[in-house]
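Data first, discussion second: the structure below is written as structure tokens.
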Amino acid sequence: MNFADLGLSDELLRAVGDSGYTEPTPIQAQAIPSVLMMKDIIGIAQTGTGKTASFVLPMIDILSHGRSRARMPRSLILEPTRELAAQVAENFDKYGKYQKLSMALLIGGVQMGDQVKALEKGVDVLIATPGRLMDLFDRGKILLSGCNLLVIDEADRMLDMGFIPDIESICQKLPANRQTLLFSATMPPPIKKLSDKFLSNPKHIEVARPATAAANIEQRIVRTSPRSKKSTLIDILKNEKVETAIVFSNRKTTVRDLEQALKREGFRAGQIQGDMDQSSRTAELQRFKDGEINILVASDVAARGLDVKGVSHVFNYDVPWHPDDYVHRIGRTGRAGAKGIAITLATPADDEAVENIEKLTGQKIGSGSKDAKPPEAEKPQAEVKSEAQPEAKSDAKPDREKPARRGRGRSKPTEAANTAPKSPPKPAARRNEQPDAPVVDADDEWNGPVPSFLSASPGTKD
DNA sequence: AAAAAAC
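So for the first sequence, full-length UniProt numbering puts the first residue at 1; every next one is plus one.
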């Protein structure tokens, strides 16, 4: 399977090729032809599966025909956090470079002026967080009646954040005959309801079981006490050769304190959390990507979706109270089949939270992937659902009009394109265009500059 | 228990 087989334009294929990709990930192979045929889609996939490109690529081709009109964007992408929205915008830049496309990034925390100006000129795609979008809409700056393509990304996260009423209200402002793509890592009932209400006859695509930890991430737990937590972390950071790490904490205040403490210890540390103004958030992330700092202390604002290349370690300074968050956090490392190490600091009070995580992932944290088999073994725990069929015979074609088929039935290990290949995990510094572990790979998500010591030059292949 | 998101 090759990108060229998916029905994309030459310009787009060139841009994709420039980025060093040749083979689509399973979700891309399944979604792209359908999106091009204007079908609705429900994609069950986490970030890191190549999900973003699965809608960005076909959208660029769809939008390259036709013209935008003032205040009437032609498509809309909704994202839960500002950083994710920015990340998607970067994808449009990267893959749309040979086509002319206008876009506006509508997120809070920044001046409205430029956003309004862009809207007035007319844009092909709007990438937005719900709050700012609603705000601008209420101010009469946006008409959504010409918006024929809607993407709801990270729907379950939107649910967590209480955005569903906003999403519903936005959906109702769009033309009824639009195309809608909904992506979610899980399908809790409210999301199911939402999709029943706002999607018509969607094609279901599921590429990875939600809430499984990737086999290439070595998970460790370190028992400690609340009092000695900080010194424990510092010891590990010093003794283990930690190249690049994201340190997650449950509280914004802890993030702040910890960043200070690490700096005092001489670490090149920075922070990202929601109490910082947007410019600082952006700047800190950039410093991390640039390699100016190598330790990013973060709240869960950075837990999902953010993909900075080459993060060697993830620390849970606090055990997350929702087991889902654990999976998302550790997914910031070990991408693309590279090895990653996730270290969780646990105090006795965290016992229950740890148990819940182990229940969810079906593996003991302490022993990580050690007690089982090496990552490249035949059947790692965190195997992708084998039902996702990258081969997709010709049923990428329109004939398939089954509604709500929750394709649970088949579990034929097909061609194995989506089961872990034999190849050994690639070193973290390697670029990859071929996910070994679809649960957490994805160079496609983040497109910004990368710490030079973390990544090979783009386009470099093994 | 927290975090995120508009002004």
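C-beta atoms are modelled at their ideal positions from N, C-alpha and C, and glycine is treated no differently.
Can you list, in chain order, the residues of its chain whose CB lies under 8 Å from that of residue i, leaving out five sequence neighbours each side?
i, result
"Arg74", "Leu63, Gly66, Ser68, Val123, Asp124, Val125, Gly146, Cys147, Asn148 and Leu149"
"Thr254", "Tyr317 and Asp318"
"Trp321", "Asn250 and Ala353"
"Glu284", "Gly270, Gln271, Ile272, Met276, Ile293 and Leu296"
Quick one: what's got a C-beta closer than 6 Å to residue i's C-beta in the same chain, skipping five residues either side?
i, result
"Asp275", "Lys252"
"Ala70", "Glu120 and Gly122"
"Lys141", "Val116 and Leu119"
"Lys203", "Ser34, Lys39 and Ile41"
"Lys44", "The identity of residue 44 in the sequence shown is Ile, whereas the question assumes Lys. So the list reads Glu206, once near-sequence residues are dropped."
"Cys171", "Phe198"
Rounded to the nearest angstrom, what separates residue i and residue j at their Cα positions?
i, j, result
"Ser5", "Thr333", "Per the sequence shown, the amino acid found at residue 5 is Asp instead of Ser. The alpha-carbon atoms of Asp5 and Thr333 are separated by roughly 31 Å."
"Pro360", "Leu194", "Inspection of the sequence shows that residue 360 is occupied by Leu rather than by Pro. Their backbone Cα atoms lie some 25 Å apart in a straight line."
"Pro348", "Ser225", "7 Å"
"Leu345", "Asp325", "15 Å"
"Ile246", "Ala85", "20 Å"
"Gln87", "Gln286", "12 Å"
"Phe288", "Val311", "10 Å"
"Thr129", "Val354", "32 Å"
"Leu191", "Thr232", "A quick correction: the sequence has Ile, not Leu, at residue 191. The alpha-carbon atoms of Ile191 and Thr232 are separated by roughly 40 Å."
"Arg223", "Arg335", "26 Å"
"Leu133", "Leu106", "6 Å"
"Lys309", "Ala302", "14 Å"
"Phe3", "Gly17", "9 Å"
"Asp138", "Thr52", "28 Å"
"Phe248", "Phe315", "6 Å"
"Pro189", "Ala155", "12 Å"
"Ile167", "Arg256", "32 Å"
"His328", "Ile357", "12 Å"
"Arg281", "Ile295", "14 Å"
"Ile234", "Glu240", "10 Å"
"Glu243", "Ile221", "19 Å"
"Lys238", "Ile330", "20 Å"
"Leu258", "Lys230", "8 Å"
"Lys100", "Ile77", "18 Å"
"Lys197", "Met72", "24 Å"
"Gly362", "Ser102", "45 Å"
"Arg227", "Ile236", "16 Å"
"Ala104", "Pro165", "23 Å"
"Asp307", "Asp300", "13 Å"
"Asp93", "Asp290", "19 Å"
"Ile32", "Pro323", "31 Å"
"Asp153", "Ser54", "11 Å"
I'd like the list of long-range same chain contacts for residue i, defined as Cβ closer than 7 Å, with 5 residues on each side in sequence excluded.
i, result
"Asp61", "Leu8, Ser9, Leu12 and Leu36"
"Leu199", "Asp40, Ile42, Thr180 and Leu182"
"Arg14", "Tyr98"
"Gly131", "Gly108"
"Gln278", "Arg82, Gly109 and Val110"
"Leu159", "Pro188, Pro190 and Ile191"
"Phe267", "Leu237 and Ile295"
"Arg157", "Pro80 and Arg304"
In the DSSP assignment, what are the bridge partners of residue i?
i, result
"Ala128", "Leu78 and Leu106"
"residue 535", "Coverage of the chain is limited to positions 1 through 462, which leaves residue 535 absent and any answer about it impossible."
"Arg223", "Ala346"
"Ala298", "Phe248 and Ile272"
"Val314", "Ile246 and Ala342"
"Lys117", "Looking at the DSSP assignment, Lys117 forms no beta bridge with any residue, so it has no partner."
"residue 487", "Because the chain spans 1 through 462 in this model, residue 487 falls outside it and cannot be assessed."
For residue i, count neighbouring Cβ atoms within 10 angstroms of its own Cβ and tell me buried if that reaches 16, exposed if not.
i, result
"Arg264", "exposed"
"Asn201", "exposed"
"Gln273", "buried"
"Gln111", "exposed"
"Ser19", "buried"
"residue 486", "Since the first residue of the chain shown is 1 and the last is 462, residue 486 is not available in this structure."
"Arg178", "buried"
"Asn91", "buried"
"Gly113", "exposed"
"Ser169", "exposed"
"Ala176", "exposed"
"Pro58", "buried"
"Gly162", "exposed"
"Asp350", "buried"
"Pro80", "buried"
Please look up how many angstroms separate the CB atoms of residue i and residue j, rounded, as I've assumed it's under 8 Å.
i, j, result
"Lys173", "Leu136", "In fact, because the Cβ distance is near 12 Å, the residues do not count as touching under 8 Å."
"Ala298", "Asn216", "Contact doesn't hold; Cβ gap of about 22 Å is too wide."
"Ala185", "Ile127", "The Cβ separation is near 20 Å, so there is no contact."
"Val56", "Tyr95", "6 Å"
"Ile293", "Ala261", "So it is not a contact: roughly 15 Å between Cβ atoms."
Using a Cβ-based criterion (distance less than 7 Å to any ligand heavy atom), does residue i qualify as near the ligand MG?
i, result
"Ala118", "For the ligand MG, the structure offers nothing, since it holds no ligand at all."
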